[in-house]
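In the numbering used here, the protein residues as written are 1 to 583.
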């Protein structure tokens, strides 16, 4: 077998790590610090005697102690702060704790708890992480990127070796809206999941806050607010700022994959379309969400026993997430043999003004893609609608008779009892996805949906929910979490050195995820694998992305037998390696 490319073999440390730091300086470097895990010889060589308690602990013993610390806290936000403090002190230990306890701590380091952390960010931040870029920095973004040097290891990694950037302008943080500088909690959290879920070495990652200001009055009035204290940049100045950012990445971090995160709908769609062919990039809210929801739909189709082409979809919410899901569902239906017109007709959207149709007044341009035409309206029995007519969700469900209902509205309780009962009256196994985050924003809770459908619904949610018992039977609620998609997709793109992330990659990721839902989980209603299977899922998705990159001409020419070796070589497992001091 050929040798793997050096660029892949350098993606994680191995063997003996060459370390140029000693004494207190070494203990201050989170990615190199072992705390009490430094052995006796290392304490002598690196000048650590007297700086640590005398007992040497194994990483397993340290994990047990950290779990004791975190579990002692009674509030999830305090647990978030505790885990963040651990990450700031000892990253290897942090990722070992997270990886071995994903089911417990995923809701802490990410949704729903990260939402509270973003809202209170200026008051809980202990140590700044990542890169903060404001409009005042537009002409020096390349210099700022050069300041953001990951910690060096034996590979000599510098800013030119950043392979993954997650960037947000903080305007649409989960379902919470504009959180200003507090939105930085999202890129930090996402990158933690890339590492825990796919083994991407932290030194190759960079969270970025494009802090273009905020229109959140509470933040602007807060004397402790750490962000850029101006109204949001808009229009041509905003576009020029983003152009400067992308240009700087191409110049300074040419091998980086860029994930756009939590941009507001109109910006999210147009930024993705503008840059996706110019820089290796994707928008997780649009494409990642589309893939994870399509995977749940494909799993539900398996459980129901009816092909995708026979499904009818109603979307409550026509923003970036809803559009991303609709686009990928439409593409999947065509890929399975349905003609484009029939696939489009099967997708009906409802927004804050009701049913979305082409002749409706005040219709946003980015909603026209899936707006119903006059002929499509007639086919569903919506006769004689005027541009000012507003049809709510219940009225739409009564006419369309959907098999699948998807909520991305951010409106708690938007799936009313009347709407769900109307849907259940026409569908034996209704598939219902209340996806809005955090939990307080969910369109309906699973217990209510199961009660209103006599236990027949197949449910997936955006936030985690416990199993629901109905008539003595436990229904497991799968979480439609993008973490099942983006770590593997990012890892595959990095290993492939992909020049573009294509729609076909997201289709493949969705199909792969759906295939990995075990029959026994489907039998109890779970439409996704267990979170504890995340690394296995990410590995499979990464391999598919590497192959797709090769086959469509945008990535390295790996042979089939080399693909999994390349992926495995790039996946870091958090454990202490031996160190050698560089004089």
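In this text, a Cβ means the ideal position worked out from N, Cα and C, and glycines have one as well.
With contacts defined by Cβ atoms closer than 8 Å, residue 419 and residue 445 do not form a contacting pair.
Excluding sequence positions up to five before and after residue 193, its CB lies within less than 8 Å of the CB of 106, 109, 110, 483, 486 and 487, all in the same chain and listed in chain order.
Bridge partners of residue 475 according to DSSP: 468. Taking a 10 Å sphere around the C-beta of residue 475, we find 16 or more other C-beta atoms and assign the residue as buried. Within the model, the alpha-carbon separation for residue 225 versus residue 209 is close to 15 Å. Closest in C-alpha terms to residue 548, from the list 523, 511, 504 and 570, comes 504. In the DSSP assignment, no residue is bridged to residue 95. Residue 265 and residue 189 have their C-alpha atoms spaced approximately 21 Å apart. Your pair residue 118 and residue 183 checks out as a contact, with CB atoms roughly 6 Å apart and the cut at 8 Å.
Straight through space, the alpha carbons of residue 346 and residue 317 are spaced by roughly 16 Å. By the criterion of a C-beta distance shorter than 6 Å, residue 33 is surrounded in its chain by 27 and 90, once the five residues flanking it on both sides are discounted.
Between residue 180 and residue 42, the alpha-carbon positions lie close to 43 Å from each other.
According to DSSP, residue pairing for residue 351 in a beta bridge involves 354. Straight-line measurement puts the Cα of residue 138 at about 29 Å from the Cα of residue 288. With at least 16 other beta carbons inside 10 angstroms of its own, residue 462 counts as buried.
For residue 512, the uninterrupted alpha helix (DSSP H) segment begins and ends at 503-515.
By the Cβ-count criterion, residue 123 is exposed, with fewer than 16 other Cβ atoms from all chains shown falling within 10 Å of its own Cβ. Between the C-alpha atoms of residue 536 and residue 96 there is a straight-line separation of about 16 Å.
Following the DSSP letters along the chain, one finds residue 304 inside the alpha helix (DSSP H) bounded by residues 289-304. Straight-line measurement puts the Cα of residue 363 at about 20 Å from the Cα of residue 313. Contact between the stretch 509-524 and the stretch 563-577 is absent: fewer than three C-beta pairs spanning the two stretches fall below 8 Å. DSSP places residue 342 in the helix class (H, G or I) of the three-state scheme. In this structure, DSSP gives residue 579 an extended state, which the three-state scheme calls strand. Distance from the CA atom of residue 53 to the CA atom of residue 46, rounded to whole angstroms, is 15 Å.
By the neighbour-count criterion, in which a residue is buried when 16 or more other Cβ atoms sit within 10 angstroms of its Cβ, residue 439 is buried. Secondary structure at residue 445: coil, using DSSP grouped into helix, strand and coil. If you draw a straight line from the Cα of residue 87 to the Cα of residue 166, it is about 18 Å long. Two segments are said to touch when three or more pairs of C-beta atoms, one from each, lie closer than 8 Å; by this definition the stretch 295-315 touches the stretch 402-416. The stretch 359-379 makes no contact with the stretch 292-308, as fewer than three CB pairs between them are under 8 Å.
One alpha carbon belongs to residue 121, the other to residue 221, and they sit about 15 Å apart. Sequence-distant partners of residue 263 (beyond 5 residues in either direction) whose C-beta falls short of 8 Å from its own C-beta, in its chain, are 168, 169, 171, 172, 271, 283, 285 and 320.
Boundaries of the beta strand (DSSP E) around residue 167: 164-168. DSSP, reduced to helix, strand and coil, places residue 19 within a strand of the structure shown. If you check the CB distance, residue 495 and residue 567 come in under 8 Å. Assignment of alpha helix (DSSP H) within the stretch 181-249, counting only whole runs of 4 or more residues, yields 185-198 and 217-221 in chain order. Between residue 502 and residue 554, the CB-CB gap stays under 8 Å.
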